[in-house]
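Residue numbers (my numbering): 479 to 756.
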């Protein structure tokens with residue numbers, strides 16, 4: 479299968495077109511068997527950027543959601559108003575109530591819309607915990623087992639359980655990734671990698687067999703990583719001989735520069751307008 483991944487929402491822009499940057503992530507995926515959307519950003523730029531980049535949101539066969547944070551799901555109404563009826567894949571905990579807090583500052587960071595409202599716009603939610611093949615060669619990972627000892631949850635994030643109790647830090651069990659099985663190898667697309675890149679990549683290999691990981695693109699969450707986590711992540715990138723790493727969103731300039739120094743030409747910034755072909 480041939481695939482083309484174009485980032486349409488991200489913190490920064492990398493093309494001189496009529497595009498906007500926002501804190502969030504979304505990418506448009508074109509394959510031999512149809513088009514798909516992975517995440518939707520905050521909703522501030524997805525319509526503008528998709529038009530500027532000539533990516534027709536009406537053409538998508540399905541939407542995949544990496545996790546239930548506002549900066550990955552806020553654009554759902556904008557997409558649904560263009561597309562209409564469409565399957566939306568994600569984890570069954572994606573609608574959980576979530577709070578980010580630091581000091582005296584607290585804000586709701588969960589999905590900013592009720593499920594019933596999104597369904598009224600055409601969404602048919604297909605939520606689960608297992609790996610699912612959304613289309614030929616297009617997978618949503620399912621829940622990622624947390625097996626590493628050095629990839630930690632963000633202590634500032636709190637989950638409000640269905641009975642009103644608080645779980646801190648939020649375990650982010652709904653963190654999912656997209657996998658494309660292309661002619662060049664696997665492309666792993668990360669939303670935020672709250673589950674940890676090492677956990678994600680090891681899980682992908684276990685699930686899809688000993689296949690070559692051609693590229694990883696998306697939010698790595700390494701901007702919040704310890705030196706041990708960062709070093710162990712570099713080892714796994716080299717171990718799997720990953721040919722391209724395009725970092726986005728929650729990587730941070732400091733860790734991005736360190737990745738660039740280590741990877742050289744294998745590294746690129748996954749900004750709005752960035753394209754990866756597999």
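For every residue, glycine included, the Cβ atom is placed at its ideal position computed from N, Cα and C. Please read these numbers as outputs of a predicted model, since none were measured by experiment.
Query raised in the report: Would you say residue 447 and residue 695 are within 9 Å of each other, going by their C-beta atoms?
Result: The chain is shown only over 479 to 756; residue 447 falls outside these bounds and no answer can be derived.
DSSP bridge partner residues for residue 580 (one or two, in chain order)
583
- Message: Going residue by residue through the segment 705 to 753, where are the continuous alpha helix (DSSP H) segments of at least 4 residues, counting only ones entirely within it?
- Response: 705 to 717, 731 to 741
Taking 8 Å as the line, does the beta carbon of residue 693 fall inside it for any heavy atom of the ligand MG? With respect to the ligand MG, the structure offers nothing, as it holds no ligand at all.
Residue 597, DSSP secondary structure in three states = helix
request  = Indicate whether the contact test is met: 3 or more Cβ pairs, each with one atom in the segment 699 to 714 and one in the segment 577 to 585, closer than 8 Å.
outcome  = no
Identify the continuous alpha helix (DSSP H) that holds residue 572 and give its terminal residues. Unbroken run through residue 572: none, as it is neither H nor E.
Handout entry: 6 Å CB neighbourhood of residue 749 in its chain, flanking five on each side removed
Key = 488, 490, 491, 492
**Q.** CA-to-CA distance, residue 639 to residue 668, given in whole angstroms
**A.** 25 Å
Item to check | Simplified DSSP state of residue 686, which is helix, strand or coil | outcome: helix
task: Give me the Cβ distance between residue 652 and residue 568, rounded to the nearest whole Å; I'm assuming they're in contact under 8 Å.
output: 7 Å
Original post:
Around the C-beta of residue 495, are 16 or more other C-beta atoms found within 10 angstroms, so that it is buried, or is it exposed?
Top reply: exposed
Checklist entry - Taking the alpha-carbon positions, what's the residue 501 to residue 519 distance? => result 8 Å
Cβ of residue 566 within 9 Å of Cβ of residue 540? yes
field: Backbone secondary structure at residue 589 - three-state DSSP
entry: coil
_Could you give the first and the last residue of the continuous beta strand (DSSP E) run that contains residue 655?_
655 to 660
query = Are there 16 or more other CB atoms within 10 angstroms of the CB of residue 536, so buried, or fewer, so exposed?
reply = exposed
Proximity winner among 553, 693, 605, 607, relative to residue 481 (alpha-carbon distances): 693
Decide if the segment 545 to 559 is in contact with the segment 608 to 628; the criterion is three or more beta carbon pairs, one per stretch, under 8 Å apart. no
message = Is it buried or exposed, residue 718, if we count other Cβ atoms within 10 angstroms and call 16 or more buried?
response = buried
What do you reckon, are the CB atoms on residue 590 and residue 627 nearer than 9 Å?
no
Using 8 Å as the Cβ pair cut-off and three pairs as the minimum, do the segment 675 to 692 and the segment 591 to 606 touch?
-> no
Query - Check whether residue 596 and residue 658 have beta carbons under 9 Å apart - result: no
Quiz prompt | Within 9 Å, strictly: CB atoms of residue 508 and residue 525 | solution = no
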